[in-house]
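From first to last, the protein sequence lines stand for chains A and B. Just so we're aligned: the first sequence equals residues 2 to 330 in the working numbering. Just so we're aligned: the second sequence equals residues 1380 to 1638 in the working numbering. Built from N, CA and C at the ideal position, the CB exists for glycine as well. Accompanying notes for the structure given below.
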Amino acid sequence: MRDEHGIQAEGLVREFKGGIRAVDGIALQVAPGEIYGFLGPNGAGKSTTVHMLTTLLPPTAGSARVAGFDVVREGARVRAAIGAALQEAALDPLLTGREHLRLQTALHGMTKAERRPRTEALLERVGLTQAADRKVRTYSGGMKRRLDLALALVHEPSILFLDEPTTGLDPQSRNGLWAEVARLASDEGVTVFLTTQYLEEADVLADRVGIIDRGHIVAEGRPAALKAEIGRPSVEAVPCSAGDRAAVAEVLRRFGRPVPGSPKGVTVRLDGGEEALADVVRALEAEGLHLDHLQLHAPTLDDVFLAKTGRSLEGAGDEAEAEPQPVSA
Amino acid sequence: MSSPLLLQVGSLARRSVVRTLRQPVNVVPSFLFPLILLAVNVGGLGAAERLPGFPTDSYLDFALAFTFMQGALFATTSAGTDLARDIQTGFLDRLALTPMRNAALLAGQLAGIVVLALVQATLYLTVGILAGVRPESGLPGLFVVVLLAVLIALAFGAVGAFLALRTGSGEAVQAMFPLLFVFLFLSSMNLPRNLIEIDWFRTVATINPVSYLIEGIRSLIVTGWDAQALALGFGIALGLGLLALTAASLALRGRIARA
Chain A
2 MRDEHGIQAE
12 GLVREFKGGI
22 RAVDGIALQV
32 APGEIYGFLG
42 PNGAGKSTTV
52 HMLTTLLPPT
62 AGSARVAGFD
72 VVREGARVRA
82 AIGAALQEAA
92 LDPLLTGREH
102 LRLQTALHGM
112 TKAERRPRTE
122 ALLERVGLTQ
132 AADRKVRTYS
142 GGMKRRLDLA
152 LALVHEPSIL
162 FLDEPTTGLD
172 PQSRNGLWAE
182 VARLASDEGV
192 TVFLTTQYLE
202 EADVLADRVG
212 IIDRGHIVAE
222 GRPAALKAEI
232 GRPSVEAVPC
242 SAGDRAAVAE
252 VLRRFGRPVP
262 GSPKGVTVRL
272 DGGEEALADV
282 VRALEAEGLH
292 LDHLQLHAPT
302 LDDVFLAKTG
312 RSLEGAGDEA
322 EAEPQPVSA
Chain B
1380 MSSPLLLQVG
1390 SLARRSVVRT
1400 LRQPVNVVPS
1410 FLFPLILLAV
1420 NVGGLGAAER
1430 LPGFPTDSYL
1440 DFALAFTFMQ
1450 GALFATTSAG
1460 TDLARDIQTG
1470 FLDRLALTPM
1480 RNAALLAGQL
1490 AGIVVLALVQ
1500 ATLYLTVGIL
1510 AGVRPESGLP
1520 GLFVVVLLAV
1530 LIALAFGAVG
1540 AFLALRTGSG
1550 EAVQAMFPLL
1560 FVFLFLSSMN
1570 LPRNLIEIDW
1580 FRTVATINPV
1590 SYLIEGIRSL
1600 IVTGWDAQAL
1610 ALGFGIALGL
1620 GLLALTAASL
1630 ALRGRIARA
């Protein structure tokens, strides 16, 4: 089903017990048919945002409209318009894939005549026809994610929420899921709100990216535009001898500010852009330093995160506390 | 558009029953343990049947009612841990995103308990009759025994569902099992209340509603058709069930905080 309204959020806040603000005044706009990547480390507030936008968690403050409906006042209409595959593949290990789909189609009120063909079509679409009658506990991680996606698509939603859909998947399963998500957006006009902590996923799949850290959106835009804002590439040099690392670092500091890189090497953001690379090589040679590896890195979304927060995205989640769970009434 | 409530209940009930049938490791103990305890009790306490005023000359007839209660306790933890697992895995969130009504979730969840209780009650009665029990209320009484046993299991199951929804933890539900077991032991399960000589025990057994649930079933086996015992048994089972269902519904509303 083609989406016509997208997602709008204004000043969205979710506060938990003890005054912890997991989401602190988020504003975002997702256009119909767009794939929006919500990128951030663990505990940044991604899942809490998804829970609010999918009506599973009432916001403490602010407002949001999904598919043209208010998430607080028109929850049922929002739920009818959206599909969601949440962070954990929430499946029953004792049921088969087909039984999951049968249950989901029934709960969505489909008639008996509609349920069977819809179930078969979705199994076929996600490549689970052969495994349809196996219990889910025998499925691989990739198969569970595909079933999760099929369940989210049962009622042909116009907006799809995917909360870290490829976490823990092997590259082949991940690429397959990316292809299906891209096809949903391009062929069927489905709006996709995708949270991820993987830079590559946001880069490859998303039309636009919102980078969230500690409950705030710190950057938003097309991946290419965000990287262009950073502009300058970084260079990473790995010395042949570990004892030369300090000397290499001293040389490289003449050309730019150090940034996180591999533990064996030294990485700096080049003040002079990629043209400075030749000078770097000459300076290292002049000092008699031999390198095992020298590489120029184009700016990445991690660089964008670093520029906006002063921390690298990888490992930033370790500093953050896990996202608090809702307080049950 | 909401799907019809009956279709939702039926689909969730089917899932609950399928889950129950596919967990023999969890289900079989609920059949065996009450029967083992029955054998132990009859062997150890059988002499009680010679006490003056004991209502029957067969301790087995007297003790059989207890198996239904113990089976119901298993049902409590079974329903509770299943629901807690749904909360912990996020399956409840998946259900909450459908047009499912809260009542359908509870009714569907408890349907598995009904099936389990039916099988349990039939087994306990069959074993009892094979061992020599001859219910005073005859064949119709057997159906009433099963009906009351299912109602008690439903009420206990609703308690399990409430605990799961309130705590969201299977471990917390299982931790309640010993406490509920104490209620069983502090009842008239082993002796008629009028023959309990220790005052405080008799008082506790008299105010303990579990005594009346046991006595309701027991009356059909030992006495025949005892209107008062049945009214108390059914009344307390219904009252507990309604109370637990109300509490579970409120807990579910809090748990599924969807807008």
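(message) Short of 6 Å in beta carbon distance, which residues of its chain neighbour residue 1530 of chain B, apart from the five on each side in sequence? Order them along the chain.
(response) Within the same chain, residue 1530 of chain B has close Cβ partners 1616.
(request) Could you tell me which of A:34, A:16, A:48, A:21 sits nearest to residue 209 of chain A, measuring between CA atoms? (result) Minimum Cα distance to residue 209 of chain A is reached at A:34.
(request) May I have the straight-line CA-CA distance separating residue 207 of chain A from residue 291 of chain A, to the nearest angstrom? (result) Taking the Cα positions, residue 207 of chain A is about 40 Å away from residue 291 of chain A.
(message) Please report whether the beta-carbon of residue 329 of chain A lies at a distance below 8 Å from any beta-carbon of chain B.
(response) Bear in mind that a pLDDT of 37 at residue 329 of chain A, under 50, signals an unreliable position, so the model cannot answer this.
(request) Report yes if the C-beta distance between residue 1574 of chain B and residue 1433 of chain B is below 8 Å; otherwise report no. (result) In terms of Cβ geometry, residue 1574 of chain B and residue 1433 of chain B form a close pair [threshold 8 Å].
(request) May I ask you to list, following chain order, the residues of the segment 95-113 of chain A that have a beta carbon less than 8 Å from some beta carbon of chain B? (result) Identification of residues in the segment 95-113 of chain A having a C-beta nearer than 8 Å to some C-beta of chain B yields 95, 96, 100, 103, 104, 105, 107, 108, 109, 110, 111, given in sequence order.
(message) Am I right that residue 120 of chain A and residue 106 of chain A are in contact with their C-beta atoms under 8 Å? What's the rounded C-beta distance?
(response) Yes, they are in contact, since the Cβ atoms of residue 120 of chain A and residue 106 of chain A sit about 6 Å apart, within 8 Å.
(message) By the DSSP assignment, the alpha helix (DSSP H) with residue 6 of chain A in it spans what residues?
(response) Unbroken run through residue 6 of chain A: none, as it is neither H nor E.
(request) Anything in the segment 1615-1637 of chain B with a Cβ closer than 9 Å to a Cβ of chain A? List those residues in chain order, please. (result) Listed by position, the residues of the segment 1615-1637 of chain B near chain A (Cβ gap below 9 Å) are 1629, 1630, 1632, 1633, 1634, 1635, 1636, 1637.
(request) Specify the secondary structure class of residue 326 of chain A as computed by DSSP and reduced to three states. (result) Its pLDDT being 46, under 50, residue 326 of chain A is placed unreliably by the model, and the measurement read from it follows with that caveat. In the three-state reduction of the DSSP assignment, residue 326 of chain A falls in the coil class, being assigned neither a helical nor a strand state.
(request) Could you tell me if residue 1544 of chain B is buried or exposed, where buried requires 16 or more neighbouring beta carbons within 10 angstroms of its beta carbon? (result) Classification for residue 1544 of chain B: buried.
(message) I want to verify the contact list: residues of chain A whose CB lies under 8 Å from the CB of residue 1479 of chain B, in sequence order.
(response) Under a criterion of Cβ atoms nearer than 8 Å, the residues of chain A adjacent to residue 1479 of chain B are, in order, 108.
(message) Considering Cα atoms alone, identify which of B:1439, B:1429, B:1421, B:1453 is closest to residue 1563 of chain B.
(response) Among B:1439, B:1429, B:1421, B:1453, the Cα nearest to that of residue 1563 of chain B belongs to B:1453.
(message) I'd like to know whether the C-beta atoms of residue 1611 of chain B and residue 1591 of chain B end up nearer to each other than 8 Å.
(response) In this structure, residue 1591 of chain B lies closer than 8 Å to residue 1611 of chain B by Cβ.
(message) Taking the beta carbon of residue 258 of chain A as the centre, do at least 16 other beta carbons fall within 10 Å, making it buried, or is it exposed?
(response) Around the beta-carbon of residue 258 of chain A, fewer than 16 other beta-carbon atoms lie within 10 Å, marking it exposed.
(message) Using a Cβ-Cβ cutoff of 7 Å, what residues of the segment 42-55 of chain A are near chain B? List them in chain order.
(response) Those residues of the segment 42-55 of chain A that come within reach of chain B (Cβ to Cβ, closer than 7 Å) are 55.
(message) By the three-class DSSP mapping on this structure, what secondary structure does residue 58 of chain A have?
(response) Here residue 58 of chain A sits in coil by DSSP.
(message) I believe residue 69 of chain A touches residue 11 of chain A by the beta-carbon criterion, under 8 Å. Please report the beta-carbon distance rounded to the nearest angstrom.
(response) Their Cβ separation, rounded to whole angstroms, is 15 Å, which puts residue 69 of chain A and residue 11 of chain A out of contact at 8 Å.
(message) Tell me the rounded alpha-carbon separation between residue 161 of chain A and residue 251 of chain A.
(response) For residue 161 of chain A and residue 251 of chain A, the gap between their C-alpha atoms comes out near 49 Å.
(request) Measure the Cβ-Cβ separation of residue 1595 of chain B and residue 1608 of chain B and say whether it is below 8 Å. (result) The answer is yes: Cβ separation under 8 Å.
(request) List the residues of chain B whose Cβ lies closer than 7 Å to the Cβ of residue 91 of chain A, in chain order. (result) Chain B residues near residue 91 of chain A: 1468, 1469, 1470, 1472, 1473.
(request) List the residues that DSSP assigns as beta-bridge partners of residue 1629 of chain B. (result) In the DSSP output, where bridge partners are listed per residue, residue 1629 of chain B has none listed.
(message) For a contact defined as C-beta to C-beta under 9 Å, what are the partners of residue 85 of chain A on chain B?
(response) Correct list: 1472, 1473, 1476.
(request) Tell me residue 194 of chain A's beta-bridge partners as DSSP assigns them. (result) Per DSSP, A:37, A:162.
(message) Which residues in chain A have a C-beta closer than 7 Å to the C-beta of residue 1457 of chain B? List them in chain order.
(response) Those within 7 Å of residue 1457 of chain B in chain A number zero; the least Cβ separation is about 13 Å.
(request) Pull up the distance between the alpha-carbon of residue 289 of chain A and that of residue 310 of chain A, whole angstroms please. (result) About 36 Å.
(request) Could you list which residues in chain B have their beta carbon closer than 7 Å to that of residue 185 of chain A, in chain order? (result) Going along chain B, no residue has its Cβ under 7 Å from residue 185 of chain A, so there is no contact; the nearest lies around 18 Å.
(request) Indicate whether residue 306 of chain A and residue 295 of chain A have their beta-carbon atoms separated by less than 8 Å. (result) Not a contact, by the Cβ cut-off of 8 Å.
(message) Any beta carbon from chain B within less than 8 Å of residue 203 of chain A's own beta carbon?
(response) Answer no: the Cβ-Cβ gap between residue 203 of chain A and chain B never drops below 8 Å.
(message) Considering Cα atoms alone, identify which of A:253, A:266, A:221 is closest to residue 242 of chain A.
(response) Selection A:253, A:266, A:221 evaluated against residue 242 of chain A yields A:266 as nearest (Cα-Cα).
(request) Give a yes or no on whether the minimum CB-CB distance between residue 123 of chain A and chain B is below 8 Å. (result) At least 8 Å separates the CB of residue 123 of chain A from every CB of chain B.
(request) Closer than 7 Å by beta-carbon distance: list the chain B residues that pair up with residue 170 of chain A, in chain order. (result) At a C-beta separation below 7 Å, residue 170 of chain A has no neighbours in chain B, since its nearest C-beta there lies roughly 17 Å away.
(request) Spell out the partners DSSP gives residue 240 of chain A in its beta bridges. (result) According to DSSP, residue 240 of chain A bridges with A:292.
(message) Whole angstroms are fine: how far does the CA of residue 144 of chain A sit from the CA of residue 182 of chain A?
(response) Cα to Cα, residue 182 of chain A sits roughly 15 Å from residue 144 of chain A.
(message) Here's the rule I'm using: 16 or more other beta-carbon atoms within 10 Å means buried, otherwise exposed. How should residue 141 of chain A be labelled?
(response) The residue in question, residue 141 of chain A, is exposed, as its Cβ has fewer than 16 Cβ neighbours within 10 Å.
(request) List the whole-angstrom C-beta distance separating residue 280 of chain A from residue 256 of chain A, where the pair is believed to meet the contact cut-off of C-beta under 8 Å. (result) Between residue 280 of chain A and residue 256 of chain A, the beta carbon gap of about 7 Å places them in contact (Cβ cut-off 8 Å).
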